[in-house]
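Asks:
Number of protein chains: 2
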Amino acid sequence: MRPLTHPALEDITVEGILHALSDPVRAAIYVQLAGSACAHTCSNFLQVSDRSIPKSTLSQHFRALREAGLIRSERQGVEMHNSSRCQEIEQRFPGLLAAIVNAHSIQSAGHSRAPQRMKTE
Amino acid sequence: MRPLTHPALEDITVEGILHALSDPVRAAIYVQLAGSACAHTCSNFLQVSDRSIPKSTLSQHFRALREAGLIRSERQGVEMHNSSRCQEIEQRFPGLLAAIVNAHSIQSAGHSRAPQRMKTE
DNA sequence: TCAGTAGTTCGCAACATATGAACTTATGAA
DNA sequence: TTCATAAGTTCATATGTTGCGAACTACTGA
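Protein chains in written order, with this note's numbering: chain B, 1467 to 1587; chain X, 1467 to 1587.
If you want it as structure tokens, here you go:
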């Protein structure tokens, strides 16, 4: 099992961040991590926005977020603790993550106008 | 030749925007369009950040930007006039594009510390 | 030592992207 | 009209990326 690698702050790129967050599952994971003070394990996200994600897929998503520099992951025993690197990134790209997270919340709020599914008649 | 399609403002998604701008060529094109009052043709961009882009590739990039809702394209005779839709998008996702463009400029400014190529000995 | 849990890696199928070649459309000159 | 040229698009294909099941590693507690 290869060791976890995190890019240095100066190696984090805008393209990398945008690409990582252009996937809806990764964006949902990141938004939740960024809005939470404590770290979360990977398996907290086996269900993401009403969809279940296979373990292997989830593992790739976490790797993508980590290698883009968006999160920090630390193995703690059998599980992994993931937290957002938003404070560091704020230093390098001020306002970027806040604007993206905000845009996501505007978009999900707007969805109530045109719901994807109707559970109640 | 199929007619040009532009998404309505409410159909523009954050994921779409981020994905479109996660490509360095498209990001460079968009930054230049957004920073310019007048429209630009596609072939203005056959050279982008010191790299030459084949016509067919360029055509796909413009299509990607258009379908993400980032630009508006209008055929004028034999050429195409492209302009940024940033004012509309600002209404839907305030601050998003400004933050991304700003982050890009920070990143390119930082590159002078570690140049990709050495032209002078 | 064994079972169970958390995550990773591998292999492959499905999807996406880049590009040269051939095409369409518009225009100006002969 | 006819031809040549220029701007973009489309198509075919080669290459790259992603998603996921199966098999794996690593840790923990009984």
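Cβ coordinates follow ideal geometry from the N, Cα and C atoms, glycine included.
(1) Any idea what DSSP makes of H1527(X), helix, strand or coil?
(2) Under 8 Å: do the segment 1560-1578 of chain X and the segment 1565-1576 of chain B share three or more Cβ pairs, one atom per stretch?
(3) Using beta carbons (cut-off 8 Å, strictly below), is F1528(X) in contact with chain B?
(4) Under the three-state reduction of DSSP, which class applies to L1518(B): helix, strand or coil?
(5) Between the Cα of A1569(X) and the Cα atoms of L1484(B), P1469(B), H1472(B), M1467(B), which residue gives the shortest distance?
(6) Kindly indicate which three-state DSSP category R1492(B) falls into: helix, strand or coil?
(7) Give the residues of chain X in contact with P1490(B), contact being defined as C-beta atoms less than 8 Å apart.
(8) Pull up the distance between the alpha-carbon of K1585(B) and that of S1515(B), whole angstroms please.
(9) I want to verify the contact list: residues of chain B whose CB lies under 7 Å from the CB of A1569(X), in sequence order.
(10) If you measure from the beta carbon of A1493(X) to each beta carbon in chain B, is any gap under 8 Å?
(11) What span of residues does the beta strand (DSSP E) with H1547(X) cover, start to end?
(12) Taking Q1573(B) as the query, report the chain X residues whose CB atoms sit under 7 Å from its CB, ordered along the chain.
(13) Once the 5 residues before and after L1524(B) are set aside, which same chain residues still bring their CB inside 7 Å of it?
Replies: Checking against the coordinates, here is how it stands:
(1) Position 61 of the second sequence holds residue 1527(X). Here H1527(X) sits in helix by DSSP.
(2) The answer is yes - the segment 1565-1576 of chain B touches the segment 1560-1578 of chain X, with three or more Cβ pairs under 8 Å.
(3) Walking along the second sequence from the start, residue 1528(X) turns up at place 62. Contacts with chain B at 8 Å (Cβ-Cβ) do not include F1528(X).
(4) The sequence position of residue 1518(B) within the first sequence is 52, counting from 1. Sequence inspection shows Ser at residue 1518(B); the Leu mentioned does not correspond to that position. Here S1518(B) sits in strand by DSSP.
(5) Taking the second sequence and counting its residues from 1, one reaches residue 1569(X) at position 103. Nearest option by C-alpha distance: L1484(B).
(6) For the purposes of this step, residue 1492(B) is identified with residue 26 of the first sequence, where counting begins at 1. R1492(B) falls in the helix class under three-state DSSP.
(7) Residue 1490(B) sits at position 24 when you count from the first residue of the first sequence. Among the residues of chain X, those whose CB is under 8 Å from the CB of P1490(B) are E1481, following chain order.
(8) Taking the first residue of the first sequence as position 1, residue 1585(B) is located at position 119. Taking the first residue of the first sequence as position 1, residue 1515(B) is located at position 49. Any reading at K1585(B) must be qualified, since the residue scores a pLDDT of 31, below 50, and its modelled position is unreliable; no value is offered.
(9) Here residue 1569(X) is taken as the residue at index 103 of the second sequence, counted from 1. Chain B residues near A1569(X): V1480, F1559, L1562.
(10) Counted from its first residue, the second sequence places residue 1493(X) at position 27. So, interface residue.
(11) Mapped onto the second sequence, residue 1547(X) falls at position 81. DSSP places H1547(X) in the uninterrupted beta strand (DSSP E) bounded by 1545-1550.
(12) Position 107 of the first sequence, counting from 1, holds the residue named residue 1573(B). Ordered by position in chain X, the residues that pass the 7 Å Cβ test against Q1573(B) are T1479, V1480.
(13) Stepping through the first sequence from its first residue, residue 1524(B) is reached at position 58. Its chain contains C1508, F1511, L1512 as the residues whose beta carbon lies nearer than 7 Å to that of L1524(B), once the 5 sequence neighbours on both sides are disregarded; these appear in chain order.
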